[in-house]
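Heads up: the structure comes next, in structure tokens.
See the structure below:
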């Protein structure tokens with residue numbers, strides 16, 4: 145039961161962090177497509193991201209102007225949808241990266257028991 149709860153918590157954290165992670169990966173590449181993004185996420189340790197979570201996250205990022213889509217020829221098959229970060233996406237990445245670092249530092253402090261001191 146505890147393992148299920150931990151897995152559920154980890155899945156929720158992954159969903160929350162996925163847009164930020166996608167922007168970070170796209171910022172380091174000229175462009176990328178869905179399967180390659182899934183591979184990069186998994187290689188970095190963010191395992192368990194399914195296409196059913198990836199593509200809606202990419203669509204939301206596109207709707208919000210953080211990424212743009214470009215169609216390109218596939219390698220021996222149908223065309224591919226490539227994703228590229230926009231200027232607005234880079235600005236968002238900088239803001240959200242700073243906010244994420246502050247948030248995770250606070251969570252780590254509290255999880256380590258630093259918030260246990262009694263208040264006067």
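Numbering (the working numbering), first residue to last: 145 to 264.
Yeah, the Cβ is synthetic: ideal placement off N, Cα and C, and Gly gets one too.
It should be emphasised that the depicted structure is a prediction, and the values quoted were computed from it without experimental measurement.
Between the C-alpha atoms of residue i and residue j, what's the straight-line distance to the nearest angstrom?
i, j, result
"residue 229", "residue 161", "17 Å"
"residue 204", "residue 157", "18 Å"
"residue 207", "residue 232", "12 Å"
"residue 183", "residue 201", "16 Å"
"residue 186", "residue 173", "16 Å"
"residue 220", "residue 198", "24 Å"
"residue 166", "residue 181", "8 Å"
"residue 171", "residue 234", "7 Å"
"residue 211", "residue 240", "15 Å"
Quick one: what's residue i bridged to in DSSP?
i, result
"residue 211", "229"
"residue 241", "The partner list for residue 241 (beta bridge, DSSP) is empty, contrary to what the question assumes."
Could you give the first and the last residue of the continuous alpha helix (DSSP H) run that contains residue i?
i, result
"residue 181", "178-187"
Do residue i and residue j have their C-beta atoms closer together than 8 Å?
i, j, result
"residue 179", "residue 226", "no"
"residue 175", "residue 214", "yes"
"residue 265", "residue 155", "A query on residue 265 cannot be resolved here, the shown segment of the chain reaching from 145 to 264 and no further."
"residue 168", "residue 254", "no"
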